[in-house]
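Trainee:
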Amino acid sequence: MTTANMRQIGVGILGWGVALVMFLPILIIGVTAFKTEQDAYALSLIFTPTLDSFREVFERSHYSTFVYNSMAVSIISTLLSLVIAVPAAYSMAFFPNRKTQKLLLWMLSTKMMPAVGVLIPIYLLAKNTGLLDSVPGLIIVYTLMNLPIAVWMAFTYFNEVPKEILEAARIDGANAWQEIWHLLLPTTLPGLSSTALLLIILSWNEAFWSLNLSSVNAAPLTVFIASYSNPEGLFWAKLSAASFLAVAPIMAVGWVAQKQLVRGMTFGAVK
Amino acid sequence: MTQQTIILPTPATPIAPPAPGRKFSPAKLLLTPSVAMLGLWMIVPLVMTLYFSVIRYNLLSPDQTGFVGLDNYRYLLEDPAFWPSIGHTLVLIVSVLLISVVGGTLMAVLFDQKFPGRGIARLFVIAPFFVMPTVGALIWKNMILHPVYGLWSHLFRLVGLEPIDWLADYPLWSIIVMVAWQWTPFAFLILLTSLQSLDQEQREAAQLDGAGPVRIFIHITLPHLKRAIAVVVMIESIFLLSIFAEIFTATAGGPGTETTNLPYLVYSIGLQQFDIGIASAGGVIAVILANIVSIFLVRMLAKNLRGEYDQ
Chain A
0 MTTANMRQIG VGILGWGVAL VMFLPILIIG VTAFKTEQDA YALSLIFTPT LDSFREVFER
60 SHYSTFVYNS MAVSIISTLL SLVIAVPAAY SMAFFPNRKT QKLLLWMLST KMMPAVGVLI
120 PIYLLAKNTG LLDSVPGLII VYTLMNLPIA VWMAFTYFNE VPKEILEAAR IDGANAWQEI
180 WHLLLPTTLP GLSSTALLLI ILSWNEAFWS LNLSSVNAAP LTVFIASYSN PEGLFWAKLS
240 AASFLAVAPI MAVGWVAQKQ LVRGMTFGAV K
Chain B
0 MTQQTIILPT PATPIAPPAP GRKFSPAKLL LTPSVAMLGL WMIVPLVMTL YFSVIRYNLL
60 SPDQTGFVGL DNYRYLLEDP AFWPSIGHTL VLIVSVLLIS VVGGTLMAVL FDQKFPGRGI
120 ARLFVIAPFF VMPTVGALIW KNMILHPVYG LWSHLFRLVG LEPIDWLADY PLWSIIVMVA
180 WQWTPFAFLI LLTSLQSLDQ EQREAAQLDG AGPVRIFIHI TLPHLKRAIA VVVMIESIFL
240 LSIFAEIFTA TAGGPGTETT NLPYLVYSIG LQQFDIGIAS AGGVIAVILA NIVSIFLVRM
300 LAKNLRGEYD Q
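First to last, the sequence lines map onto chains A and B. For the first sequence, counting from 1, position 3 maps to 2 in numbering that gives the first Met the number 0; every step adds exactly one. For the second sequence, counting from 1, position 241 maps to 240 in numbering that gives the first Met the number 0; every step adds exactly one.
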């Protein structure tokens with residue numbers, strides 16, 4: 000065997016070792032979710048798989064309500080962020096002026112304000128307007144929280160559109176609306192959809208605001224899972240089943256959108 | 000050395016410059032909702048936090064009101080939990096940064112090499128970043144660090160050692176491990192992305208000149224990663240300053256106040272003891288800390304926007 004081959008095998012063992020160690024905690028819930036409550040504490044891989052825990056999660060708790068809240072909050076806030084952000088990004092990408100760069104930086108800088116700095120007033124505002132523990136309340140907060148990322152990402156995608164195509168369309172007599180509808184949206188749709196995926200991931204997993212602003216009615220999955228932390232909630236198989244369902248779909252989305260994650264979360268500073 | 004890692008697009012040249020002298024500008028109109036909403040989102044709560052921090056405001060004694068100057072700050076600073084909480088916040092940020100940057104760099108270098116199944120292994124590595132923080136905290140608390148049933152206890156008993164109650168004996172370290180587990184994949188993903196833009200020819204040339212892997216890493220790879228590392232450090236600092244869910248779920252700030260960081264302290268004073276005034280003073284301090292970091296980040300992004308790194 001050549002040294003190059005040996006090296007590749009060594010790198011492979013190391014790489015897979017690292018991957019399994021990082022993935023182990025997720026693997027544990029993936030396995031425990033299919034065990035019975037008695038088997039769950041054994042950490043053994045020999046057991047009869049069962050779907051009982053999943054069934055119980057759905058029957059005993061209002062699990063579907065939490066799923067519904069998570070979905071409503073993340074999907075609607077994502078759509079709202081995009082609806083508000085896309086026109087702004089369009090304006091900044093195609094009609095820039097001297098202030099555009101400053102404005103963009105200012106928008107990004109709002110993302111750098113720590114949530115805890117505004118926790119108290121947001122909590123009180125939500126309380127006094129009846130938005131505390133309500134789905135619309137969380138939607139508003141998540142929309143605003145993700146707006147800078149949405150503007151930024153949409154801006155970079157618009158900026159990549161070759162200007163010649165738009166000019167050609169204009170010469171052919173297309174008006175602004177036709178230009179947006181027939182040219183800009185189709186060419187930037189992949190970018191905008193991956194922006195949407197990133198925003199959905201961020202709001203699905205968001206836990207600072209959800210823990211502080213919701214308790215019963217509007218609680219998304221993050222809050223529901225946190226309720227397992229009290230001692231009487233130590234049911235590993237059910238906890239695992241509930242966690243597995245909460246994590247698996249968004250992980251699939253994350254794997255698809257990993258490139259966009261780098262772009263969106265570093266504000267384009269790393270490509 | 001190429002500085003291709005960071006390229007921010009500069010705004011495109013206008014296709015149709017807005018007609019001069021026209022009052023009504025559609026471009027401005029499109030911007031207004033975003034600017035107005037972000038402005039409100041940023042300014043209103045911030046002003047309220049500042050205002051609450053200088054008045055007496057306790058939800059449990061609503062009749063006591065009035066301007067108190069810096070009293071709330073004094074009470075906060077005299078709170079026996081305050082300085083430890085600043086300490087915990089800083090230890091948490093610095094430790095997680097160290098673990099995630101060093102770990103992320105080593106893993107990125109490893110995954111920059113070809114090996115069988117690399118694509119799938121890579122998905123496994125980044126997976127923890129997509130786990131919601133409350134789930135992550137509970138997996139670690141119950142299934143890995145638990146003194147009786149946890150994975151570590153099983154392993155310890157297997158080699159004849161007495162299991163350790165991690166969350167009771169090393170609470171802050173337990174939190175650090177949980178948070179680092181989530182953020183190392185983030186650093187890894189960014190550093191790997193940056194690494195893949197490294198010029199292969201440069202590395203091959205160095206190899207031909209007889210440079211070993213360690214020297215290539217120090218003289219070529221690390222300088223190339225410098226900026227990406229700076230970005231990871233700044234972005235993670237901002238998120239790590241607000242770490243809350245892991246602490247809320249795994250330890251509730253305890254035992255005692257051993258895992259209470261600044262966000263948890265503000266939460267506990269404001270939403271558990273209902274002292275809005277003192278909690279707001281804590282919020283102001285968090286904003287100041289975050290600003291120190293974000294000034295550097297914004298300055299760097301501004302340089303990028305002006306295209307200073309575009310050669």
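Using N, Cα and C, we set each Cβ at its ideal position, and we do this for glycine too.
1. Assess, as a yes-or-no matter, whether the segment 47-61 of chain B is touched by the segment 142-153 of chain B under the definition of 3 or more beta carbon pairs within less than 8 Å.
2. Could you check how far apart the C-beta atoms of Val130(B) and Gln181(B) are, in whole angstroms? I think they sit under 8 Å.
3. Please report the straight-line C-alpha distance between Thr221(A) and Trp203(A), rounded to a whole angstrom.
4. Once the 5 residues before and after Ser209(A) are set aside, which same chain residues still bring their CB inside 6 Å of it?
5. On the CB-based measure, 16 or more other CB atoms within 10 Å of its CB, does Glu77(B) come out buried or exposed?
6. Please report the Cβ distance between Phe273(B) and Asn57(B), rounded to the nearest whole angstrom; I am assuming they are in contact, meaning their Cβ atoms lie under 8 Å.
7. Ordered along the chain, which non-local residues of its own chain (more than five positions away) have a Cβ less than 8 Å from that of Thr183(B)?
8. How far does the alpha helix (DSSP H) with Arg202(B) in it reach, from first residue to last?
9. Buried or exposed: which applies to Pro24(A), given that a residue is buried once 16 or more other Cβ atoms fall within 10 Å of its Cβ?
10. For Ile170(A), does the count of other Cβ atoms within 10 angstroms reach 16, so buried, or fall short, so exposed?
11. Can you give the Cα-Cα distance for Ile75(A) and Leu165(A), rounded to whole angstroms?
12. Using C-beta distances below 7 Å, list every residue in its chain close to Ile268(B), excluding the 5 sequence neighbours before and after it, in chain order.
13. Among Ser239(A), Ser213(A), Leu103(A), Leu143(A), which has the Cα closest to the Cα of Leu130(A)?
14. Is the Cβ of Gln7(A) closer than 7 Å to any Cβ of chain B?
15. Is Asp164(B) helix, strand or coil when you go by DSSP?
16. Output needed for Met233(B): all residues of its chain with C-beta closer than 7 Å, excluding positions within five of it in sequence on either side, in chain order.
17. At a Cβ cut of 8 Å, what residues of the segment 130-154 of chain B count as close to chain A, listed as they run along the chain?
18. Can you grab the Cα-Cα spacing for the pair Ala217(A) / Thr142(A), in whole Å?
19. How about Leu240(B) and Pro113(A): do their beta carbons lie closer than 7 Å?
20. What is the DSSP secondary structure of Phe114(B), counted as helix, strand or coil?
21. Per DSSP, which one or two residues make a beta bridge with Asp312(B)?
22. Comparing the C-beta of Asn229(A) with each C-beta of chain B, is any distance below 7 Å?
23. Using a 10 Å radius around the Cβ and a threshold of 16 neighbouring Cβ atoms, would you call Gly267(A) buried or exposed?
24. Taking the alpha-carbon positions, what's the Leu122(B) to Ala179(B) distance?
25. Alpha carbon to alpha carbon, what distance is there between Pro161(A) and Ala80(B)?
26. Can you pull the chain A neighbours of Lys225(B), defined as C-beta to C-beta under 7 Å?
Mentor: In terms of the structure at hand:
1. no
2. 7 Å
3. 8 Å
4. Pro219, Thr221, Val222
5. exposed
6. 6 Å
7. Ile98, Ser99, Gly102, Gly103, Met106, Pro127
8. 199-207
9. buried
10. exposed
11. 31 Å
12. Asp274, Ile277, Ala278, Gly281
13. Ser213(A)
14. yes
15. coil
16. Val292, Phe295, Leu296
17. Val130, Met131, Pro132, Thr133, Val134, Gly135, Ala136, Leu137, Ile138, Trp139, Lys140, Asn141, Met142, Ile143, Tyr148, Leu150, His153
18. 16 Å
19. yes
20. coil
21. This structure does not reach residue 312(B), given that chain B is present from 0 up to 310, and the question cannot be answered.
22. no
23. buried
24. 17 Å
25. 57 Å
26. Within 7 Å Cβ-Cβ: nothing; Lys225(B) doesn't reach chain A, min ~12 Å.
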